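Participant: Count the sequence shown with our numbering and you get residues 56 to 227, in order. Virtual Cβ for every residue (Gly too), placed ideally from N, Cα, C. Just so we're clear, the structure is a prediction, and the values are computed from it rather than from any experiment.
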Amino acid sequence: TNFMPSNNTKVEVDFMQTAKNTSRMGIVAGLEEPRFILGTDTTYNKLRYDFGTMKEQYTDNNSYPILNNRYVMALDKGKCYVNGVELPNLDMSSSGGEFQATSSLWLFADSGYNQNNVKFIGNIYSAKIWENDELVRDFIPVKRDFDGIYGMLDRVNNKFYSSCTSNNFTYE
56 TNFMPSNNTK VEVDFMQTAK NTSRMGIVAG LEEPRFILGT DTTYNKLRYD FGTMKEQYTD
116 NNSYPILNNR YVMALDKGKC YVNGVELPNL DMSSSGGEFQ ATSSLWLFAD SGYNQNNVKF
176 IGNIYSAKIW ENDELVRDFI PVKRDFDGIY GMLDRVNNKF YSSCTSNNFT YE
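Shown next as structure tokens:
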């Protein structure tokens with residue numbers, strides 16, 4: 056994304072996971088240090104989110120069935136929302152503290168792990184990033200005309216992003 060999140064960052068991703076990963080996690084957006092993660096856990100059928108120093112926060116069992124269900128998940132200054140509804144009693148803003156990342160937030164993988172282990176398998180409809188309530192990234196999936204490569208177009212900066220790993224984006 057070429058964007059380093061802070062405690063004032065909001066990330067919103069519209070997605071549907073369609074298959075289990077080789078590991079239990081599917082990272083929708085991830086940065087390992089400080090923690091800024093939106094993800095899925097298909098083993099326990101939960102959504103996961105991490106913010107700042109708060110690690111591995113999960114939704115209740117079976118409250119959001121993971122596979123083949125479309126969700127808009129947002130992490131906004133330590134609060135997590137699913138389909139516009141704030142998850143109760145899970146405000147991490149006071150515990151996460153202030154932070155400014157020194158590396159970029161990744162989409163569909165976690166920047167701190169072997170990407171083949173925690174890659175996301177599914178559909179991404181959009182991903183948006185705000186900093187201090189200003190939209191700084193607005194990603195949509197596209198196919199580049201001149202070479203047929205699939206990737207994400209940032210409509211704020213008019214920049215195309217292809218996969219930064221050996222796992223290319225696909226379209227089904």
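1. With which residues is ILE184 paired in a DSSP beta bridge?
2. Going by CA-CA distance only, name the one from GLY107, TYR113, ARG192 and ASN138 that's closest to THR98.
3. On a CA-only basis, which of ASN124, ARG125, LYS132 and ASN123 is nearest TYR104? Give me that one, please.
4. Return the CA-CA distance between TYR180 and GLN155, expressed in angstroms with no decimal places.
5. Please report the distance separating the alpha-carbon of GLU189 from that of LYS65.
6. State the beta-bridge partners of SER61 as determined by DSSP.
7. In whole angstroms, what is the alpha-carbon distance linking PHE224 and VAL140?
8. Would you kindly check if the distance between the Cβ of GLU186 and the Cβ of ALA129 is under 7 Å?
9. With distance defined between alpha-carbon atoms, name the residue in ARG210, PHE106 and VAL127 nearest to ARG153.
10. Once the 5 residues before and after LEU122 are set aside, which same chain residues still bring their CB inside 8 Å of it?
Facilitator: From the atom records:
1. Taking the sequence shown and counting its residues from 1, one reaches residue 184 at position 129. Answer is VAL66 and ARG192, bridged to ILE184.
2. Stepping through the sequence shown from its first residue, residue 98 is reached at position 43. Ranking GLY107, TYR113, ARG192 and ASN138 by Cα distance to THR98 puts TYR113 first.
3. Here residue 104 refers to the residue found at position 49 of the sequence shown. When only C-alpha atoms are compared, the closest one is LYS132.
4. Locating residue 180 in the sequence shown gives position 125, where the first residue counts as 1. Locating residue 155 in the sequence shown gives position 100, where the first residue counts as 1. If I take the Cα positions, the gap works out to 27 Å.
5. Residue 189 sits at position 134 when you count from the first residue of the sequence shown. Residue 65 sits at position 10 when you count from the first residue of the sequence shown. Taking the straight line from one Cα to the other gives about 9 Å.
6. Here residue 61 refers to the residue found at position 6 when the sequence shown is read from its first residue. Answer is GLN155, bridged to SER61.
7. On the sequence shown, residue 224 is found 169 positions in, with the first residue counted as 1. On the sequence shown, residue 140 is found 85 positions in, with the first residue counted as 1. Cα to Cα, the separation comes out at about 30 Å.
8. Taking the sequence shown and counting its residues from 1, the one referred to as residue 129 is at position 74. Taking the sequence shown and counting its residues from 1, the one referred to as residue 186 is at position 131. Taking 7 Å as the Cβ cut-off, ALA129 and GLU186 do not qualify as a contacting pair.
9. If you number the sequence shown from 1, residue 153 lands on position 98. Correcting the residue identity first, residue 153 is Glu in this sequence and not Arg. The candidate whose alpha carbon is nearest that of GLU153 is PHE106.
10. For this step, residue 122 is matched to residue 67 along the sequence shown. Excluding residues within five positions, the ones whose Cβ falls inside 8 Å are GLN72, THR73, ALA74, LYS75 and THR97.
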